[in-house]
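Structure, as structure tokens:
Residue numbers (the working numbering), protein chains in the order written: chain A, 114 to 234; chain B, 108 to 208.
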């Protein structure tokens, strides 16, 4: 399963378009994001809500609670899947080494629940 | 709740200290001011604040008139966007060639 915030984290340094609740859109490169969906973007073009005024802004900080939606490049979904595979492999390795520590890490991801149980039993 | 608010945000407002920033608020107000301080939940202290007047018929349309507010504490929950004024300019439509696709 692709979690929205994982997708967003993977999309760092990718161009994207964000529409805010007030209808303004911001197109630029994502520099950083956090668990509130707060965004930091660079080289942004801001479009007013009626679409007839434009601004170029070097840097913006957007508060996550004002976001309506984000548009990302299609490739990001593949990158996210790659990353999840990598993480799953690493989690599996961790479980092999230290029984105690591996279990909680496995429980964090939904599909790994079954594995953790078997390892401990 | 308090635990969640204690979580770190990515905002690095320290970089903007004593610089002029533009702040957009929930509901359409926009101001610029010199950033004097900030906290974890995005409350801001702005000095020499100027608010941009808005069209009385369309509160989302900005006019070029401003009014002086002076020293202001901006409530974090109402802040929508913060950006440095430096490096910001109005431009003509940059999407004209891209718009057809």
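Beta carbons are placed, not taken as given, at the ideal position from N, Cα and C, and that holds for glycine.
- In terms of Cα proximity to residue 186 of chain A, the closest of A:140, A:114, A:135 is A:140.
- In this structure, DSSP gives residue 117 of chain B a state outside helix and strand, which the three-state scheme calls coil.
- If you draw a straight line from the Cα of residue 190 of chain A to the Cα of residue 117 of chain B, it comes to about 23 Å.
- Interface flag for residue 189 of chain A against chain B is unset, since no Cβ pair is found closer than 8 Å.
- With fewer than 16 neighbouring CB atoms inside 10 Å of its own CB, residue 115 of chain A falls in the exposed class.
- Taking 7 Å as the cut-off between beta carbons, the residues of the region 158 to 177 of chain A near chain B are 158, 162, 166, 167, 168, 169, 170, 171, 172, 173, 174, 175, 176, in sequence order.
- Against chain B, the CB of residue 133 of chain A has a partner CB under 8 Å away; the residue lies at that interface.
- If you draw a straight line from the Cα of residue 154 of chain B to the Cα of residue 167 of chain B, it is about 24 Å long.
- Look at residue 124 of chain B here: in three-state DSSP terms it is coil, with no helix or strand label.
- Rounded to whole angstroms, the Cβ separation of residue 135 of chain A and residue 162 of chain A is 6 Å, and the two are in contact under 8 Å.
- In summary, the residues of the region 140 to 152 of chain A whose CB is separated from some CB of chain B by less than 9 Å are 140, 144, 145, 146, 147, 148, 149, 151, 152, in the order they occur in the chain.
- The Cβ atoms of residue 140 of chain B and residue 127 of chain B lie closer than 8 Å to each other.
- Under the rule that a run must span 3 or more residues, the beta strand (DSSP E) segments found entirely inside the region 129 to 177 of chain B read 137 to 145, 151 to 161.
- Contact between the region 168 to 184 of chain B and the region 141 to 150 of chain B is present: 3 or more CB-CB pairs across the two stretches fall below 8 Å.
- Residues of the region 185 to 200 of chain B with a C-beta atom less than 8 Å from some C-beta of chain A are 186, 187, 188, 189, 190, 191, 193, 194, 195, 196, 197, 198, 199, 200, listed in chain order.
- Beta-bridge partners of residue 195 of chain B (DSSP): A:170.
- For the options B:137, B:193, B:198, B:190, the alpha carbon positioned closest to that of residue 157 of chain B is the one of B:137.
- Annotation: the continuous beta strand (DSSP E) that includes residue 143 of chain A extends over 138 to 146.
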